[in-house]
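Top to bottom, those sequences are chains U and R.
FYI, the numbering for the first sequence is 72 to 369, going by the numbering used here.
FYI, the numbering for the second sequence is 3 to 192, going by the numbering used here.
In this text, a Cβ means the ideal position worked out from N, Cα and C, and glycines have one as well.
Since we're looking at a predicted model, the values are computed, not measured.
Written below as structure tokens is the structure these notes are about.
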Amino acid sequence: MRKSLVVGLLLVFLLVMAGMSMQVINNPNNNVVFAGAPVVGVIEINGVLGGSISSPITGSTANSESIMKAIRTARQRSDIKAVVLRINSPGGTSVAAQEIGIEIEKLKQTGKPVVTSMGDVCASGGYWIACGSDYIIANGSTLTGSIGAIMEMTDLRGLYEKLGIEQEVFKRGEHKDIGSTSREITDKERQILQDIVNDSYEQFLAQVKKGREGKIKPEELAEIADGRIFTGEAALELGLVDSLGNYYDAIKKAEEMARISPDSRIEVLNSEKIWDSLGLKVRIAKLLPDYCLWQLKY
Amino acid sequence: MSTVEVVYGILFEPAKTLNFLGREKPLLPGLLIFCLTFTFISVINRAITLLDSSINNIIPGTVSVWLLTAFSMAFAYIMLALMAGLFSLISEIIYRRGNASGLLACLSFAVIPGVLGPSLQYAAILLGIGSIGVLFSLFSALWVLILQILSLREALDLNTGQAVLLFTLPGLLFVAAFTGLSIILVSTIL
């Protein structure tokens, strides 16, 4: 009788643990932790913003998909009380910045504070993302700003001629081959592309105005939003950032804003997997040169 | 002895129970218990890695826990059979006493306390005292190790000293062989 009771109790305990484990395995983003220190989630944004996956072959790229996934995890996990975005990026594609910005907006709607900690560079698209956060901390020498939009076209006719390459285009639609590298761009096309860049620039400006509302006047912003870069100190004077400090100051600020104890657990939500660092996720398409692709960049 | 009595015995009266298992050789229940224990440990350990971001990196999240368990269980069964066969063979050579199937049954049941470590570690993580949780896993691993030595002692009818020597002998032989080969290799190069 006693033996059955002991084994039975042990079995019940093990089954409960197994059940809870299966819950975590099936839904890893909804971890249940009954007690212990709250978590400050850190999301690292390193390198040029884009939709592709980083690897030693293609160079360092801040993959928007994995960053968005990390932000979603921070939103869904109840033990994460605040988020620090550690940004070290010179910018990248406008879509990558916007996609990440949208996820940050959703995260903020849950009431979790988002603090940006700028690394060496947080410019252009990196600054777009930073503007979505509640508080921005830069280092004195951080390079930031670069509020502007850019699209680059390359005329490769001279090269094609040297290589003996002749391109023949079959198209329906006047501007279907806009931006072709094998012919001169027309004035009309130049205007179309400039309109796109202007539109994108206005979107960037709107993002900065929204994110820095009350911290920088629109007329002052218009003066400096010409693509120039600033040091962290200059950015603080202009109101582009909120204070100067390092990564740990950002963690502390996040804890204060979330009103959690200073002994919170820090968890990097998108730390690089061993497999990624070995370059096992290289996509063949990425081996194509970038000029083949249409990219509007911040 | 019923299965409940065997499970209880492994935890609280290991010598007597392992002696019984060594004589009766209940291979099928033993291998089934081993399978269940191994699956349980795999599931709990996977949950622990998902909760602990510092070790989460080692296994890609997309790899199915069942696939991992299946592969590692196949490996574990091979290791279990190898252990039983090898220890029995060495014992037969040194002590003139062999009992491979009895040893296999004993070693299969000896893993039972192994479920306690990861379970208690997982409970500790859930309660926010994960830092001490790893001690439970270490303790249960040590418990299983002691039970494996006891299995040798009871299944092969040895004394404790002989069982410890037999348990460490393959490791010592491996180290000796490795050292010998290294010396030969280095002397060849020089």
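* Asked: What span of residues does the beta strand (DSSP E) with Ala133(U) cover, start to end?
  -> Note, Ala133(U): beta strand (DSSP E), Thr132 to Asn134.
* Can you have a look at Met88(U) and say buried or exposed, based on whether 16 or more other CB atoms are within 10 angstroms of its CB? => Classification of Met88(U): buried, given that the 10 Å Cβ count is 16 or more.
* **Continuous alpha helix (DSSP H) stretch holding Lys323(U): start and end** => Unbroken alpha helix (DSSP H) run through Lys323(U): Tyr318 to Ala329.
* **Sheet register partners of Ser314(U) (DSSP bridge)** => Answer is Ile208(U).
* To do: Kindly say whether Ser110(R), judged by its beta-carbon, lies nearer than 8 angstroms to any beta-carbon of chain U.
  => Taking 8 angstroms as the threshold, the shortest C-beta distance from Ser110(R) to chain U does not fall below it.
* Of the choices Lys177(U), Thr225(U) and Gly211(U), whose alpha-carbon is the least far from that of Ser314(U)? -> Considering only alpha carbons, the answer is Gly211(U).
* Asked: Helix, strand or coil for Thr170(R) per DSSP?
  -> Helix at Thr170(R).
* **Rounded separation between Val6(R) and Lys177(U) - CA only** => Straight-line Cα distance between these residues: approximately 53 angstroms.
* Asked: Cβ atoms of Ser217(U) and Ile300(U): under 8 angstroms apart, would you say?
  -> Result yes, Cβ atoms of Ile300(U) and Ser217(U) sit closer than 8 angstroms.
* What are the residues of the stretch 116-142 of chain R that lie near chain U, defined by any Cβ-Cβ distance shorter than 9 angstroms? -> Here the close residues are Val117, Leu118, Pro120, Ser121, Leu122, Tyr124, Ala125, Ile127, Leu128, Leu129, Gly130, Ile131 and Gly132.
* Taking 8 angstroms as the CB-CB limit, is Ala179(R) close to chain U? -> So no, Ala179(R) is outside the interface.
* May I ask which residues mark the beginning and end of the alpha helix (DSSP H) holding Asp191(U)? => For Asp191(U), there is no enclosing alpha helix (DSSP H); the enclosing beta strand (DSSP E) covers residues Val185 to Ala194.
* Neighbour list for Ile96(U) in chain R, Cβ cutoff strictly below 8 angstroms -> Val45, Arg48, Ala49, Leu52 and Val67, listed in chain order.
* Expressed to the nearest angstrom, what Euclidean distance is found between the alpha-carbon atoms of Arg143(U) and Glu174(U)? -> The C-alpha of Glu174(U) is placed about 7 angstroms away from the C-alpha of Arg143(U).
* Beta-carbon gap between Arg157(U) and Ile116(U) smaller than 8 angstroms -> Taking C-beta atoms as the reference points, Arg157(U) and Ile116(U) count as a pair closer than 8 angstroms.
* So which residues of chain R does Met139(U) contact, with C-beta pairs closer than 7 angstroms? -> Neighbours of Met139(U) in chain R, taken as residues at a C-beta separation under 7 angstroms, are lacking, since the least C-beta distance is about 15 angstroms.
* Compare the C-beta of Ala89(U) with all C-beta atoms of chain R and state if any pair is closer than 8 angstroms. => It does: the Cβ of Ala89(U) has a partner Cβ on chain R nearer than 8 angstroms.
* To do: Can you grab the Cα-Cα spacing for the pair Ala168(U) / Ile267(U), in whole Å?
  => Each residue's alpha carbon lies about 16 angstroms from the other.
* Whose C-alpha, out of Ile287(U), Gly182(U), Ala220(U) and Gly298(U), is nearest the C-alpha of Lys166(U)? -> Looking at the sequence itself, residue 166(U) is Val, so the reference to Lys does not match. Of all alpha-carbon atoms in Ile287(U), Gly182(U), Ala220(U) and Gly298(U), the one lying nearest the alpha-carbon of Val166(U) is that of Ala220(U).
* If you draw a straight line from the alpha carbon of Pro16(R) to that of Phe22(R), how long is it in whole angstroms? -> Approximately 10 angstroms between the Cα atoms of the pair.
* To do: Rounded to whole angstroms, what's the CA-CA distance from Val177(R) to Leu187(R)? Just pull it up for me.
  => Those two C-alpha atoms are separated by around 15 angstroms.
* Asked: Should Ile191(R) be labelled buried (16 or more other beta-carbon atoms within 10 Å of its own) or exposed?
  -> The residue is exposed, with fewer than 16 neighbouring Cβ atoms inside 10 Å.
* Since Met93(U) meets chain R, which of its residues come closer than 8 angstroms, beta carbon to beta carbon? -> Those within 8 angstroms of Met93(U) in chain R are Val45 and Ala49.
* To do: Could you say if the stretch 251-262 of chain U and the stretch 307-321 of chain U meet the contact criterion of at least three C-beta pairs nearer than 8 angstroms?
  => Below 8 angstroms, too few C-beta pairs join the stretch 251-262 of chain U and the stretch 307-321 of chain U to call them touching: fewer than three.
* **Euclidean distance between Cα positions of Cys363(U) and Leu214(U)** => Low confidence applies here, because Cys363(U) scores a pLDDT of 41, under 50, leaving its location unreliable; read the following figure in that light. Spanning the two alpha carbons is a distance of roughly 30 angstroms.
* To the nearest angstrom, how far is it from the Cα of Gly79(U) to the Cα of Ile95(R)? -> Distance between the alpha carbons of Gly79(U) and Ile95(R): 42 angstroms.
* Which residues of chain U have a Cβ atom closer than 8 angstroms to the Cβ of Tyr97(R), listed in chain order? -> Near Tyr97(R) there are no residues of chain U at all, since even the closest Cβ is about 34 angstroms away, more than 8 angstroms.
* Using the beta-carbon count (16 or more within 10 Å), is Gly182(R) buried or exposed? -> It counts as exposed.
* With burial defined as no fewer than 16 other Cβ atoms inside 10 Å of the residue's Cβ, what is the status of Ala199(U): buried or exposed? -> Per the sequence presented here, residue 199(U) reads as Trp, with Ala not at that position. Under this definition Trp199(U) is a buried residue.
* To do: Look up Val155(U) in the DSSP assignment and give the residues it is bridged to.
  => DSSP output for Val155(U) lists Val113(U) and Val186(U) as bridge partner(s).
* Examine chain U for any beta-carbon lying closer than 8 angstroms to the beta-carbon of Phe176(R), and answer yes or no. => So, not an interface residue.
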